[in-house]
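Report on one structure; see the data block that follows.
Structure below.
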């Protein structure tokens, strides 16, 4: 019996056909539904401190890179983004899209000058997509192997700890939409960050896993101290690099910080 000639590049089998069907199905879905489905896939086998595989990281980043404000029902004309003529920090609105034990999806809506103070993401992998606007982001990671040092008395009345840990600055720059999705990891990529709205802006956030006080993943806030303000015994850092390091001291939740949660009202997702 003559052998049937194999067409170069041809792929066969049930898995290939199923993959083609999935791609066609994804093309028909709303972008926010694709995001939800992708998060389910990416975080399915993950947990606290477990980072998704690099291929899955790239997959979710690609989906987020392609999402716009319109895809999740937000735009600069919404009341959440209006400039606030009040004393203290402007109110930030959080649109809750989804949360389960594996991941959460939501949108931070920041009016001009709003600040989400320096805070951490314990044992989490976090994806942040700036949907519109200009935002200043500062992020840091702990420097391992360096002991904590005592903060001078009177330096921080709202602190929870008398000691500070050394951290290295990873990012300290303005971001203007459209821009690539930023990713931080449990011990790298700027796990502690601060958002400052230069203009009105919206940030689509994906956390895997989400905060959970009962499981020890609570949101901690920090006070920043210059490197030379606290004793640095045993630390050798070149003079030209010293501005890239800071001491971080855990603090109470900043007074005046208000994050107001509201239900998501954008395009629906099927769970």
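Residue numbers (full-length UniProt numbering): 1 to 271.
Even glycine gets a Cβ: it sits at the ideal position worked out from N, Cα and C.
Keep in mind that this is a model prediction, so the values were computed, not measured.
For residue i, the three-state DSSP class (helix, strand or coil)
i: residue 177; result: coil
i: residue 212; result: strand
i: residue 39; result: helix
i: residue 65; result: helix
i: residue 244; result: helix
i: residue 29; result: coil
i: residue 186; result: coil
i: residue 127; result: strand
i: residue 99; result: strand
i: residue 228; result: helix
i: residue 167; result: strand
i: residue 59; result: helix
i: residue 52; result: coil
i: residue 172; result: strand
i: residue 202; result: strand
i: residue 271; result: coil
i: residue 79; result: helix
i: residue 34; result: helix
i: residue 71; result: helix
i: residue 139; result: strand
i: residue 250; result: strand
i: residue 263; result: strand
Of the residues the options, the one placed nearest residue i, counting alpha carbons only
i: residue 68; options: 170, 262, 131, 86; result: 131
i: residue 158; options: 251, 269, 258, 47; result: 251
i: residue 271; options: 99, 146, 70, 81; result: 99
i: residue 266; options: 221, 225, 204, 258; result: 204
i: residue 227; options: 120, 214, 248, 121; result: 248
i: residue 47; options: 216, 223, 262, 258; result: 216
i: residue 260; options: 71, 198, 64, 116; result: 116
i: residue 122; options: 213, 257, 29; result: 213
i: residue 268; options: 49, 139, 72; result: 72
i: residue 177; options: 104, 133, 66; result: 133
i: residue 245; options: 223, 184, 170; result: 170
Separation of residue j from residue i, as counted between CA atoms
i: residue 255; j: residue 219; result: 15 Å
i: residue 141; j: residue 173; result: 16 Å
i: residue 200; j: residue 53; result: 34 Å
i: residue 351; j: residue 189; result: The question about residue 351 has no answer, for the chain in this structure spans 1 to 271.
i: residue 106; j: residue 202; result: 10 Å
i: residue 31; j: residue 211; result: 25 Å
i: residue 101; j: residue 209; result: 6 Å
i: residue 146; j: residue 33; result: 44 Å
i: residue 84; j: residue 126; result: 29 Å
i: residue 192; j: residue 135; result: 16 Å
i: residue 76; j: residue 263; result: 18 Å
i: residue 221; j: residue 51; result: 23 Å
i: residue 168; j: residue 144; result: 10 Å
i: residue 113; j: residue 198; result: 6 Å
i: residue 78; j: residue 129; result: 19 Å
i: residue 36; j: residue 153; result: 48 Å
Nearest-angstrom beta carbon gap, residue j and residue i [assumed within contact, 8 Å]
i: residue 148; j: residue 165; result: 5 Å
i: residue 39; j: residue 74; result: The pair is not a contact, with the Cβ atoms about 18 Å apart (cut-off 8 Å).
i: residue 195; j: residue 137; result: 6 Å
Check: residue i C-beta below 6 Å from any heavy atom of the ligand ATP
i: residue 194; result: Looking for the ligand ATP in the displayed structure turns up nothing, as the structure carries no ligands at all.
message: Check whether the segment 56-71 and the segment 80-93 are in contact - that is, three or more C-beta pairs closer than 8 Å.
response: no
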